[in-house]
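A.B. asks:
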Amino acid sequence: MMRIPRPPPRSAAASWSAIVVGSIVVVAAIAGSAVMRVTAIRSSPIFAAGQHREVVRAEVVVTGDPVARRDGSTLVNAAAGVWVPVRVERLFTPHGAFAARVPARLLAPSSWALLLPGSRCRAVVQWTPSPSLTVTAWGTTDAPPVLLDPAPGYQRWAGQLRSALAQASRGLRPSAALVPALVDGDTSAVPEQVIDDLRLSGLAHLSAVSGANVAIAVGAIVLLARRLRVRGRALTAVGAATVIGFVVVARPEGSVIRAAVMALIAMAASVRGGVRQTGAVLGAAVALLLVVNPLLMVDLGFVLSVAATAGLVLLAPLLSRILRGRGWRPRIADACAVVIAAQVAVTPVLVGFTGRLDPVAVPANLLAAPAVVPITVLGFAAMLIAPVAPLIAQALVWCAQWPAQWVLVVAAAGAQWPGGVVSWRGGWWASVMWTLVVATVIAVAVMRRWTPHITWLVPPLVAVVVIALVPIPPALQWPRDWLFLACDVGQGDALALSTGRASAIVVDVGPDARRVDRCLRDAGVRRIDALVLTHFHADHVNGLAGALHHRVTRLLVTSPLTDPPAEAALVRHIAQTAAPV
1 MMRIPRPPPR
11 SAAASWSAIV
21 VGSIVVVAAI
31 AGSAVMRVTA
41 IRSSPIFAAG
51 QHREVVRAEV
61 VVTGDPVARR
71 DGSTLVNAAA
81 GVWVPVRVER
91 LFTPHGAFAA
101 RVPARLLAPS
111 SWALLLPGSR
121 CRAVVQWTPS
131 PSLTVTAWGT
141 TDAPPVLLDP
151 APGYQRWAGQ
161 LRSALAQASR
171 GLRPSAALVP
181 ALVDGDTSAV
191 PEQVIDDLRL
201 SGLAHLSAVS
211 GANVAIAVGA
221 IVLLARRLRV
231 RGRALTAVGA
241 ATVIGFVVVA
251 RPEGSVIRAA
261 VMALIAMAAS
271 VRGGVRQTGA
281 VLGAAVALLL
291 VVNPLLMVDL
301 GFVLSVAATA
311 GLVLLAPLLS
321 RILRGRGWRP
331 RIADACAVVI
341 AAQVAVTPVL
351 VGFTGRLDPV
361 AVPANLLAAP
371 AVVPITVLGF
381 AAMLIAPVAP
391 LIAQALVWCA
401 QWPAQWVLVV
411 AAAGAQWPGG
421 VVSWRGGWWA
431 SVMWTLVVAT
441 VIAVAVMRRW
451 TPHITWLVPP
461 LVAVVVIALV
471 PIPPALQWPR
481 DWLFLACDVG
491 QGDALALSTG
501 RASAIVVDVG
511 PDARRVDRCL
521 RDAGVRRIDA
531 LVLTHFHADH
541 VNGLAGALHH
551 RVTRLLVTSP
561 LTDPPAEAAL
571 VRHIAQTAAP
581 V
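Going left to right, the sequence shown walks through residues 1 to 581 as our numbering numbers them.
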């Protein structure tokens, strides 16, 4: 009998060469896809309409749930309504009709709130430039939608589930509103104060659907299927159907899509014998998503989800072993390792984007974590049975509101915790520094024995840690109990009167958006109870976009004298396009 010899094992050099070549191919594919996507957006007729602020008729398809204007809904000259994510299909101009198929965002009357994703409408829209790469233009319309085609059947089914769960959560404690938020991302009934507390305490991910919710829901369904003796490929099919259904109901947000693609890749691999490394699944999912939609790389939710998952995959097992080695009980060690690993991994992103560090996030997440699973499981079950058994669904939500109440208690306490938020250096440099810090900590923890080949790396790594970990000196920060501040904005004024922790009344905003934004951020102002513009001179109003950036703004008060007209029009435009945060 002839024996076929096995191929020789691949050398380490060959393996590394394959990794390098594969990485280059993936990066090239992502870069090429990004260039094509941005080129399509910039060459679209809707982009030109936005640049010239034209009023034209458009045919659009709704791509997400309309969101009520929480922030800035009382801004001057801004009609209360909803933000509607759309895909512009056709544009009708005096020069003819043009095909588009590019993303846009509409500020529309409340009558648009009833539309489901997939609905095709026609409207007359005034287009304005978009500040984001992911959206071609922003538009404003005052008319109700002219419905051309209703949403497809699966979207109507998802809308019925979401509506039934929202109905089941009404009439209960305020904490019950958090159940739809965690299950399907519906935050319409969550009070603004609760959302503020969740953000300030590092629990903002509990006001929306995240990858963890996908894992919990899919895991519960798969476990139930196992109990019903479903095995093999049938079990994989049940899991895949659950993932797809969850994405439809919870909407394809960045973190949900990341978790869903990871789950589908893992299930596909299990059919062929399983997958050994979760890191490989994460890498494959991220690469696939970025090739399909490269603009996800500027989606904060997607980036945070990827970073947190990488922390769980790469760092959590190491931290758990270290804690167990110090005598910690396994369950406590695992719980702490998961929270710390996720927070460490997202810190470079959060510091770079927000210019602050949230020490309160770790204890807050440790305390709130036990409540997430019962809220998600009970809420998911309530959503599935609500259309046919609303009373049972309401009973399940009633049970889920109690762990949700615990989350609100933790969030409120964390938001008031002294030192819970520390001002830090923001921007890309801060992200780079904190990435090096995280990498250094992991390297030191992993390497049990220093070798002569890497000893020379110790001094610069220590220097990086020292530089990045030294916060802004107290003398350069505003005191916690400040009452009044005058921002250095150059010529002009920008004043703030403290109304509580992280909130203020702001009077004028100076001429420079970056300066007033930095001043308010350093002072810890994340909610503006009232923004007063005494007059429309450029050195008092041109910084308005910076003051509104990433802040809840409840009221904008201006002078009735709209002079100079150009600056008054600028304020009106910013008020109309102030995006909810």
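All C-beta atoms in this analysis are idealised placements derived from N, C-alpha and C, irrespective of residue type, glycine included.
Counting pairs of beta carbons, one from the segment 201-208 and one from the segment 161-169, are three or more of them closer than 8 angstroms?
C.D. replies: no
A.B. asks: Which term fits I375, buried or exposed, when burial requires 16 or more other beta carbons within 10 angstroms of its beta carbon?
C.D. replies: Residue mapping note: residue 375 aligns to position 375 of the sequence shown, counting from 1. Buried, by the Cβ-count rule.
A.B. asks: Leaving out the 5 sequence neighbours to the left and right, which residues in its chain are closer than 7 angstroms to C336 when beta-carbon positions are compared?
C.D. replies: On the sequence shown, residue 336 is found 336 positions in, with the first residue counted as 1. Counting only Cβ-Cβ distances below 7 angstroms, and skipping sequence neighbours, we find L323 and L366.
A.B. asks: Grouping DSSP H, G and I as helix and E and B as strand, with all else coil, what is A389?
C.D. replies: As a first step, residue 389 is located in the sequence shown; it is residue number 389 there, counting from the start. Of the three classes helix, strand and coil, the one that applies to A389 here is coil, per DSSP.
A.B. asks: For R551, which residues of its own chain have a beta-carbon under 6 angstroms away from its beta-carbon, when the five flanking residues on both sides are left out?
C.D. replies: Counting from 1 along the sequence shown, the entry for residue 551 is found at position 551. Apart from the 5 residues on each side of it in sequence, R551 sits with its Cβ closer than 6 angstroms to the Cβ of R526 and I528 in its chain, given in chain order.
A.B. asks: Looking only at its chain, what residues have a beta carbon closer than 7 angstroms to the beta carbon of P403, apart from the 5 residues adjacent to it on each side?
C.D. replies: Translated into the one-based positions of the sequence shown, residue 403 becomes position 403. Taken in chain order, the residues that qualify are A371, P374 and I375.
A.B. asks: Please name the residue, chosen from G118, V179, V124 and T63, that lies closest to V407 on a Cα-to-Cα basis.
C.D. replies: Taking the first residue of the sequence shown as 1, we reach residue 407 at position 407. For the residues G118, V179, V124 and T63, the minimum Cα distance to V407 belongs to V179.
A.B. asks: Identify every residue that forms a DSSP beta bridge with C121.
C.D. replies: Within the sequence shown, the letter at position 121 stands for residue 121. In the DSSP output, where bridge partners are listed per residue, C121 has V60 and L147.
A.B. asks: Between the C-alpha atoms of L114 and P94, what's the straight-line distance to the nearest angstrom?
C.D. replies: Numbered from its first residue, the sequence shown carries residue 114 at position 114. Numbered from its first residue, the sequence shown carries residue 94 at position 94. Per the coordinates, the alpha-carbon of L114 lies some 31 angstroms from the alpha-carbon of P94.
A.B. asks: So is I221 buried or exposed if we call it buried at 16+ other beta carbons inside 10 Å?
C.D. replies: Locating residue 221 in the sequence shown gives position 221, counting from the first residue. By the Cβ-count criterion, I221 is buried, with 16 or more other Cβ atoms from all chains shown falling within 10 Å of its own Cβ.
A.B. asks: Between R57 and the rest of its own chain, which residues show a CB-CB distance below 6 angstroms, the 5 nearest in sequence each way excluded?
C.D. replies: The residue you call residue 57 lines up with position 57 of the sequence shown. Same-chain partners within the cutoff: F92 and V124.
A.B. asks: Less than 8 angstroms between the CB atoms is what I'm expecting for L264 and A240, so what's the real figure, rounded?
C.D. replies: One-based indexing of the sequence shown puts residue 264 at position 264. One-based indexing of the sequence shown puts residue 240 at position 240. Rounded, the Cβ-Cβ distance is 6 angstroms, consistent with contact.
A.B. asks: State the beta-bridge partners of R105 as determined by DSSP.
C.D. replies: Along the sequence shown, read from residue 1 onward, the residue named residue 105 stands at position 105. Partner(s): P85 and W138.
A.B. asks: Would you identify the three-state DSSP class for P403, choosing helix, strand or coil?
C.D. replies: By one-based count along the sequence shown, residue 403 stands at place 403. P403: helix per DSSP, three-state reduction.
A.B. asks: Tell me the rounded alpha-carbon separation between P252 and L483.
C.D. replies: Against the sequence shown, residue 252 aligns to sequence position 252. Against the sequence shown, residue 483 aligns to sequence position 483. Between P252 and L483, the C-alpha separation is close to 43 angstroms.
A.B. asks: What is the residue span of the beta strand (DSSP E) that T558 lies within?
C.D. replies: Residue mapping note: residue 558 aligns to position 558 of the sequence shown, counting from 1. Element bounds for T558: L556 to T558.
A.B. asks: Sort out for me which residues DSSP pairs R90 with in a bridge.
C.D. replies: Taking the first residue of the sequence shown as 1, we reach residue 90 at position 90. Paired residue(s): E59 and A99.
A.B. asks: Does DSSP classify A68 as helix, strand or coil?
C.D. replies: Walking along the sequence shown from the start, residue 68 turns up at place 68. Reduced to three states, the DSSP call for A68 is strand.
A.B. asks: Within the same chain, show all residues whose beta-carbon is closer than 7 angstroms to that of V571, passing over the 5 residues directly before and after it, in chain order.
C.D. replies: Working through the sequence shown from its first residue, we reach residue 571 at position 571. So the list reads L533, F536, V541, L544 and T558, once near-sequence residues are dropped.
A.B. asks: Figure out for me which residue from L295, G283 and C519 has the closest Cα to the Cα of L548.
C.D. replies: Position 548 of the sequence shown, counted from the start, is the residue given in the question as residue 548. Comparing Cα-Cα distances from L548 to each of L295, G283 and C519, the minimum goes to C519.
A.B. asks: Evaluate V38 with the Cβ neighbour count: other Cβ atoms within 10 Å of its Cβ, from every protein chain shown; 16 or more gives buried, anything less gives exposed.
C.D. replies: Locating residue 38 in the sequence shown gives position 38, counting from the first residue. With fewer than 16 neighbouring CB atoms inside 10 Å of its own CB, V38 falls in the exposed class.
A.B. asks: When you compare each of P564, A137 and R229 to G50 by their alpha carbons, which one comes out closest?
C.D. replies: Within the sequence shown, residue 50 is the residue found at index 50, counting from 1. Residue A137 is the option with its Cα nearest to G50.
A.B. asks: Check whether the segment 253-261 touches the segment 287-299, counting contact only when three or more Cβ pairs, one atom from each stretch, lie closer than 8 angstroms.
C.D. replies: Taking 8 angstroms as the limit for Cβ pairs, the verdict is that the segment 287-299 does touch the segment 253-261.
A.B. asks: Tell me which residues share the same chain as A538 and place their Cβ nearer than 6 angstroms to its Cβ, disregarding the 5 neighbours each side in the sequence.
C.D. replies: Position 538 of the sequence shown, counting from 1, holds the residue named residue 538. Answer for A538: P511 and E567, listed in chain order.
A.B. asks: May I ask you to report which of helix, strand or coil DSSP gives P180?
C.D. replies: Start at 1 with the first residue of the sequence shown, and residue 180 comes out as number 180. In the structure shown, P180 sits in a helix (DSSP, three-state: H, G or I).
A.B. asks: Taking the alpha carbon of P560 as the point to measure from, which residue in T553, R554 and A569 has its own alpha carbon closest?
C.D. replies: The residue you call residue 560 lines up with position 560 of the sequence shown. Checked all of T553, R554 and A569; the closest Cα to P560 is A569.
A.B. asks: If you follow the alpha helix (DSSP H) that D517 is in, where does it begin and where does it stop?
C.D. replies: For this step, residue 517 is matched to residue 517 along the sequence shown. Its alpha helix (DSSP H) spans residues A513 to D522.
A.B. asks: How far does the beta strand (DSSP E) with R156 in it extend, from its first residue to its last?
C.D. replies: Here the question's residue 156 lines up with position 156 in the sequence shown. Here R156 belongs to no beta strand (DSSP E); instead the alpha helix (DSSP H) covers G153 to A168.
A.B. asks: In whole angstroms, what separates the C-alpha of V261 from that of A176?
C.D. replies: Working through the sequence shown from its first residue, we reach residue 261 at position 261. Working through the sequence shown from its first residue, we reach residue 176 at position 176. If you take the alpha carbons of V261 and A176, they lie about 30 angstroms apart.
A.B. asks: Counting only the same chain and skipping the five closest in sequence on each side, list residues whose C-beta sits under 8 angstroms from that of V397.
C.D. replies: Counted from its first residue, the sequence shown places residue 397 at position 397. Hits under 8 angstroms: L165, A168, S169, L172, A176, V179, L378, G379 and A382.
A.B. asks: For A430, which of A439, A413, A48 and V349 has the nearest alpha-carbon?
C.D. replies: Here residue 430 refers to the residue found at position 430 of the sequence shown. Cα-wise, what sits closest to A430 is V349.
A.B. asks: S503 bridges to which residues according to DSSP?
C.D. replies: Residue numbering aside, residue 503 sits at position 503 when the sequence shown is read from its first letter. According to DSSP, S503 bridges with G500 and R527.
A.B. asks: Who are the near neighbours of A151 in its chain, counting only those whose CB is closer than 8 angstroms to its CB and skipping five residues on each side?
C.D. replies: Start at 1 with the first residue of the sequence shown, and residue 151 comes out as number 151. V62, L115, L116, P117, G118, S119 and G159, listed in sequence order.
A.B. asks: Short check: CB of A307 to CB of V346, under 7 angstroms?
C.D. replies: Translated into the one-based positions of the sequence shown, residue 307 becomes position 307. Translated into the one-based positions of the sequence shown, residue 346 becomes position 346. A contact, by the Cβ cut-off of 7 angstroms.
A.B. asks: Is it buried or exposed, I574, if we count other Cβ atoms within 10 angstroms and call 16 or more buried?
C.D. replies: Start at 1 with the first residue of the sequence shown, and residue 574 comes out as number 574. Buried, since its Cβ has 16 or more Cβ neighbours within 10 Å.
A.B. asks: Could you compute how far the alpha carbon of S207 sits from the alpha carbon of G22?
C.D. replies: In the sequence shown, the residue the question calls residue 207 occupies position 207. In the sequence shown, the residue the question calls residue 22 occupies position 22. Straight-line Cα distance between these residues: approximately 38 angstroms.
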